[in-house]
Amino acid sequence: QFKPTEALFNRSPIIAVVSIDKAENAVAIARALAEGGVDVIEVTLRTPSALKAIELIARDVPDVAVGAGTVCERSQQQPVLDAGAQFAFSPGATLELLEAYQDSPIPFVPGVASATEVLTAKSYGYSHMKLFPAEVVGGRALLKALGAPMPDIRFCPTGGVRMETAADYLELPNVSCVGGSWLLPAEVQSSGNWAEVTRIAKASLELLRRG
Ligand code: 3PG
């Protein structure tokens, strides 16, 4: 069950977390990110167009992995699957979600913020988790501390991660990738300047290469 999550975590060091206002822009946004080298896209279920956006990206941009973010309830599971999402992220790790996704055909990444939450998710068989909100709950220091007793858990810190801090997170042995919304700033989305999305993605990956 968790091999695909490992593959997802290893696919791109940066996962673009996007809240898409208009579904008709989804394909252009996904293509712009992919052109910049970021080919894993988490579409948050925070806008009315999110599911439609996932559907369009899954259909028209096959070279990206698109999934759902902000999955908070069991009732969202089927719509997310129906939209064609290839993975799902949650900000939390409720027992309801941990259980619902145990037999999921797509990787599910629960959100955790403490040792107890990591152990709870682990007890349900999960080995890949989102640290959320990463900067608020302790960032790198927390990840280092969690890595001591639980070195087998892989994290995707998200929440407050920025282009300039991504590399510091990715240096940690228990961090496979980071997530962030900085790749699609609100003003860029409203102006439709997709070339800027590509530029930010490229610049972010370039920063990682330079370490
Ligand atoms: C998320 O849902 O993962 C976060 O809202 C992303 O956090 P950020 O906006 O601080 O990058």
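Counting the sequence shown from 1 gives a position; UniProt numbering is that position plus 7. For every residue, glycine included, the Cβ atom is placed at its ideal position computed from N, Cα and C.
DSSP three-state assignment for residue i, whether helix, strand or coil
i, result
"P140", "coil"
"A23", "strand"
"A35", "helix"
"F94", "coil"
"V71", "coil"
"T12", "helix"
"V87", "helix"
"T51", "strand"
"V204", "helix"
"V195", "helix"
Of the listed residues the options, nearest to residue i (C-alpha basis)
i, options, result
"residue 235", "A23, G218 and N17", "Outside the shown range of the chain, which is 8 to 218, sits residue 235, and nothing can be said about it."
"Q109", "V182, K129 and A65", "K129"
"R18", "G91, V78 and D70", "D70"
"A100", "S111, V116, P164 and D89", "V116"
"A155", "L52, I64, K29 and V125", "V125"
"A41", "P86, A173 and V73", "V73"
"G187", "R81, Y176, T205 and G166", "G166"
"P55", "K29, E62 and A75", "K29"
"T51", "T77, V45, V68 and N32", "T77"
"F96", "A75, R206 and A33", "A75"
"E62", "D89, L150, V185 and T205", "D89"
"V144", "A174, S111, N200 and P98", "P98"
CB-CB length for residue i against residue j, believed under 8 Å
i, j, result
"S198", "I21", "The pair is not a contact, with the Cβ atoms about 22 Å apart (cut-off 8 Å)."
"A107", "Q84", "6 Å"
"M170", "L138", "In fact, because the Cβ distance is near 18 Å, the residues do not count as touching under 8 Å."
"L104", "P86", "Their Cβ separation, rounded to whole angstroms, is 14 Å, which puts L104 and P86 out of contact at 8 Å."
"A65", "I27", "About 13 Å; that fails the 8 Å criterion."
Is it a yes or a no for the segment 127–139 touching the segment 154–164, going by three-plus beta-carbon pairs under 8 Å?
yes
Whether or not the segment 35–44 and the segment 114–126 are in contact is what I'm after, with contact meaning three or more pairs of Cβ atoms, one per stretch, closer than 8 Å; do they touch?
no
Validate contact between the segment 23–33 and the segment 183–197 using beta carbons, cut 8 Å, 3 pairs:
yes
Alpha helix (DSSP H) segments (min. 4 residues) lying fully within the segment 108–181:
122–130, 141–144, 146–154 and 173–177
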